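Undergrad:
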Amino acid sequence: MPASNRYEPLAARMRPRTLDEYLGQKHILARGKPLREALEQGMLHSMIFWGPPGVGKTTLARLIATKTDAHFETLSAVLSGVKDIREAVARAKDEQRFQQRKTVLFVDEVHRFNKSQQDAFLPHIEDGTVIFIGATTENPSFELNNALLSRARVYVLKTLGNDAIGQVIDQAVSNEERGLGGKGIKLDPRAREILIRYSDGDGRKALNTLEVASDLAEDSVISADTVQAILADTGRRFDKGGDAFYDTISAFHKSVRGSNPDAALYWAARIVDGGGDPLYVIRRLVAIASEDIGNADPRALEIAMNAWQAFERLGAPEGLLALAHATVYCACAPKSNAVYKAWKAALADVKSNPSYEVPNHLRNAPTKLMGSLGYGEGYRYAHDEPNAYAAGECYFPEDMGVRHYYQPNDRGLEIKIKEKLAWLNKLDAESTQKR
1 MPASNRYEPL
11 AARMRPRTLD
21 EYLGQKHILA
31 RGKPLREALE
41 QGMLHSMIFW
51 GPPGVGKTTL
61 ARLIATKTDA
71 HFETLSAVLS
81 GVKDIREAVA
91 RAKDEQRFQQ
101 RKTVLFVDEV
111 HRFNKSQQDA
121 FLPHIEDGTV
131 IFIGATTENP
141 SFELNNALLS
151 RARVYVLKTL
161 GNDAIGQVID
171 QAVSNEERGL
181 GGKGIKLDPR
191 AREILIRYSD
201 GDGRKALNTL
211 EVASDLAEDS
221 VISADTVQAI
231 LADTGRRFDK
241 GGDAFYDTIS
251 AFHKSVRGSN
261 PDAALYWAAR
271 IVDGGGDPLY
281 VIRRLVAIAS
291 EDIGNADPRA
301 LEIAMNAWQA
311 FERLGAPEGL
321 LALAHATVYC
331 ACAPKSNAVY
341 KAWKAALADV
351 KSNPSYEVPN
361 HLRNAPTKLM
371 GSLGYGEGYR
381 YAHDEPNAYA
391 AGECYFPEDM
401 GVRHYYQPND
411 RGLEIKIKEK
421 LAWLNKLDAE
431 STQKR
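Residue numbers (the UniProt record's numbering): 1 to 435.
(1) List the endpoints of the continuous alpha helix (DSSP H) containing residue 419.
(2) If you count every other CB in all the chains shown that lies within 10 Å of the CB of residue 295, and 16 or more means buried, which is it?
(3) Residues in its own chain within less than 6 Å of residue 68 by CB, not counting five upstream and five downstream?
(4) Write down the C-beta distance between residue 158 and residue 55 rounded to the nearest angstrom, noting that I regard them as a contact closer than 8 Å.
(5) Pull up the CB-CB distance for residue 76 and residue 131, whole angstroms please, since I reckon it's below 8 Å.
(6) Counting beta carbon pairs with one atom in the segment 165 to 173 and one in the segment 138 to 155, are three or more of them shorter than 8 Å?
(7) Tell me, please, which residues DSSP counts as bridged to residue 47.
(8) Excluding the 5 residues preceding and the 5 following residue 405 in the sequence, name in chain order all residues of the same chain whose CB lies nearer than 6 Å to its CB.
(9) For residue 248, which residues from the same chain have a beta carbon less than 8 Å from its beta carbon, with the 5 sequence-adjacent residues on both sides left out?
(10) Shortest alpha-carbon distance to residue 327 belongs to which of 315, 278, 385 and 104?
(11) Which term fits residue 118, buried or exposed, when burial requires 16 or more other beta carbons within 10 angstroms of its beta carbon?
(12) Among the residues of its own chain, which have a CB less than 6 Å from the CB of residue 340, if the five just before and after it don't count?
(13) Got a sec, what are the start and stop residues for the beta strand (DSSP E) residue 71 sits in?
(14) Could you tell me the distance, in whole angstroms, from the CA atom of residue 125 to the CA atom of residue 26?
(15) From which residue to which residue does the alpha helix (DSSP H) around residue 279 run?
(16) Do residue 413 and residue 297 count as a contact pair if the criterion is CB distance below 8 Å?
(17) What does the Cβ neighbour count give for residue 457, buried or exposed, with the cut at 16 atoms within 10 Å?
(18) For the segment 190 to 204 against the segment 213 to 230, do three or more pairs of beta-carbon atoms, one drawn from each stretch, fall closer than 8 Å, so that the two count as touching?
(19) Pick out whichever of 370, 351, 361 and 50 has its Cα sitting closest to the Cα of residue 137.
(20) Give me the Cα-Cα distance between residue 436 and residue 165, rounded to the nearest whole angstrom.
(21) How many angstroms separate the CA atom of residue 428 from the CA atom of residue 392?
(22) Of the choices 243, 156 and 71, whose alpha-carbon is the least far from that of residue 135?
(23) Determine the direct distance from the alpha carbon of residue 9 to that of residue 3, and round the result to whole angstroms.
(24) For residue 303 versus residue 256, is the C-beta distance shorter than 8 Å?
(25) Please report the distance separating the alpha-carbon of residue 110 from that of residue 312.
(26) Using three-state DSSP, classify residue 83 as helix, strand or coil.
(27) Opposite residue 218 in the DSSP bridges: which residues?
(28) Should residue 52 be labelled buried (16 or more other beta-carbon atoms within 10 Å of its own) or exposed?
(29) Run through DSSP, which three-state label would residue 60 get?
(30) Applying the 10 Å Cβ sphere with the 16-neighbour rule, what's the burial state of residue 400?
(31) Quick one: residues in its chain with C-beta nearer than 8 Å to the C-beta of residue 402, no 5 flanking neighbours on either side, listed in chain order?
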């Protein structure tokens, strides 16, 4: 191994040197795919690589520059500012002027640049000074300017599959020049399985863990126990504020709504294991209890609220059982979105109509003046009426007419509620005191 590479991390030493060595992303890099064909012909265009950590965004950008014999400039949005952008562009212009070479300007974590910083790239992309390649773990639609997106094609890089991670590991173990082959390291098959599974599709994580394990290996053999010990306190890949989080909470919500308690528990566990806030999950359960269950089982809201209170008092790990308890209950409860739809309909009515006056018979009359103005006059006190119901009474504004927002379904308690409302409507129809 060259002395200059001796202290580089294994993940850096094992970077692929050609597109054929690059593992994964066959959906964009297999022969015949548009990006691969463009690179084979030396035709470059600006692009955005969107994908989770450790899938090869930086490596692919370097390989593209090498494949097309372009000068490679790299910036990190975490460390760089507009001054650094100007300096990189100046070097690109020199390459263009004196070497007749294109420049690939790679910007890692481009979503961390603000609007003005992103705008600084636009004229140089426009005039061809640089071929822009940005890497991001966040959704470009939300994090990048439309002006930048319109000048670059977005490529989605996917999590590496188990086969690809296995190849990454095997190459690192066997490679004598850049990997662990020169140290005579052997990897136990069971250790290899654990490493693949816990790497979570992240090639960098796999190699970093493998390197640590090789330093701890006894008799040059990396055992399953060694890998397990390294990974025991390692969190799974989970972005608590980005797409991964919202995708997972969406899967949780849809599993509860879909009445699958097992899937709901799985996604809840994924969130908690990834460092997500259990209270966020419980707050989502409170919302689900009204949005997706409603009056089909009103106890769901009570149980979700109790879970919230229990977790705040107990904390983790004991309080997580309250989360699980409420998750299973809500998933198994009968479902109804009638309350949700009724509320949306009422809001839509309010927004699309004038602010009608409150009818006099429904107004409060705490003073003589208000009473003299007819406030409260003619109001029928329900408890003084047969069945505690003022049949024929109208509670809507006079110019609006009656509305029926709430339409209970035929599941759970709403069966009884539907029967009750039908009976009350019948009393209204038969009443001789219609307002």
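All residues carry an ideal CB built from backbone N, CA and C; glycine is no exception. No experiment lies behind these values; they were computed from the predicted model shown.
TA: Quick look at the numbers:
(1) As a first step, residue 419 is located in the sequence shown; it is residue number 419 there, counting from the start. If you look at residue 419, you'll find it in the alpha helix (DSSP H) that goes 414 to 430.
(2) Along the sequence shown, read from residue 1 onward, the residue named residue 295 stands at position 295. Buried, because 16 or more other Cβ atoms sit within 10 Å of the Cβ of residue 295.
(3) Stepping through the sequence shown from its first residue, residue 68 is reached at position 68. Excluding sequence neighbours, residue 68 sits near 42 and 44.
(4) Walking along the sequence shown from the start, residue 158 turns up at place 158. Walking along the sequence shown from the start, residue 55 turns up at place 55. The beta carbons of residue 158 and residue 55 sit about 7 Å from each other, so the pair counts as a contact at 8 Å.
(5) Taking the sequence shown and counting its residues from 1, one reaches residue 76 at position 76. Taking the sequence shown and counting its residues from 1, one reaches residue 131 at position 131. Taking the Cβ atoms as the reference, residue 76 lies roughly 18 Å from residue 131, outside the contact range of under 8 Å.
(6) Counting Cβ pairs under 8 Å, fewer than three are found: no touch.
(7) The residue you call residue 47 lines up with position 47 of the sequence shown. Beta-bridge pairing links residue 47 to 133 and 153.
(8) As a first step, residue 405 is located in the sequence shown; it is residue number 405 there, counting from the start. Around residue 405: 342, 345 and 346.
(9) Mapped onto the sequence shown, residue 248 falls at position 248. Result list for residue 248: 238, 267, 270, 271, 274 and 276, in chain order.
(10) In the sequence shown, counting from the first residue as 1, residue 327 sits at position 327. If we check each option's Cα against that of residue 327, 278 comes out closest.
(11) Here residue 118 refers to the residue found at position 118 when the sequence shown is read from its first residue. Burial state of residue 118 is buried, judged by a 10 Å Cβ sphere holding 16 or more other Cβ atoms.
(12) Here residue 340 refers to the residue found at position 340 of the sequence shown. So the list reads 291, once near-sequence residues are dropped.
(13) As a position in the sequence shown, residue 71 is number 71, starting the count at 1. For residue 71, the enclosing beta strand (DSSP E) starts and ends at 71 to 76.
(14) For the purposes of this step, residue 125 is taken as residue 125 along the sequence shown, with counting starting at 1. For the purposes of this step, residue 26 is taken as residue 26 along the sequence shown, with counting starting at 1. Distance between the alpha carbons of residue 125 and residue 26 is about 27 Å.
(15) Working through the sequence shown from its first residue, we reach residue 279 at position 279. Residues 278 to 288.
(16) The sequence position of residue 297 within the sequence shown is 297, counting from 1. The sequence position of residue 413 within the sequence shown is 413, counting from 1. Taking 8 Å as the Cβ cut-off, residue 297 and residue 413 qualify as a contacting pair.
(17) Nothing can be reported for residue 457, as the shown portion of the chain is limited to 1 through 435.
(18) Flag = yes, the segment 190 to 204 and the segment 213 to 230 touch.
(19) Translated into positions along the sequence shown, residue 137 becomes position 137. Of the listed residues, the one whose Cα sits closest to residue 137 is 50.
(20) Residue 436 cannot be examined here, being either before or after the span of the chain that is shown, 1 to 435.
(21) Mapped onto the sequence shown, residue 428 falls at position 428. Mapped onto the sequence shown, residue 392 falls at position 392. Cα to Cα, the separation comes out at about 4 Å.
(22) Walking along the sequence shown from the start, residue 135 turns up at place 135. Closest option to residue 135, Cα to Cα, is 156.
(23) Here residue 3 refers to the residue found at position 3 of the sequence shown. Here residue 9 refers to the residue found at position 9 of the sequence shown. Confidence at residue 3 is low in this model, with a pLDDT of 48, below 50, so its placement is unreliable and the value that follows should be read with caution. One alpha carbon belongs to residue 3, the other to residue 9, and they sit about 13 Å apart.
(24) Position 303 of the sequence shown, counted from the start, is the residue given in the question as residue 303. Position 256 of the sequence shown, counted from the start, is the residue given in the question as residue 256. Their beta carbons are not under 8 Å apart, which means residue 303 does not touch residue 256 by this criterion.
(25) Residue 110 sits at position 110 when you count from the first residue of the sequence shown. Residue 312 sits at position 312 when you count from the first residue of the sequence shown. Approximately 38 Å between the Cα atoms of the pair.
(26) Taking the sequence shown and counting its residues from 1, the one referred to as residue 83 is at position 83. Looking at residue 83 - three-state DSSP - the assignment turns out to be helix.
(27) Residue 218 sits at position 218 when you count from the first residue of the sequence shown. Residue 218 is bridged by DSSP to 221.
(28) Walking along the sequence shown from the start, residue 52 turns up at place 52. By the 10 Å Cβ count, residue 52 comes out buried.
(29) As a working note, residue 60 is residue 60 in the sequence shown. Three-state DSSP puts residue 60 in a helix.
(30) Along the sequence shown, read from residue 1 onward, the residue named residue 400 stands at position 400. Burial call: exposed.
(31) Along the sequence shown, one-based indexing puts residue 402 at 402. Apart from sequence neighbours up to five positions away, the residues of its chain that approach residue 402 with a beta-carbon distance below 8 Å are 394 and 396, ordered along the chain.
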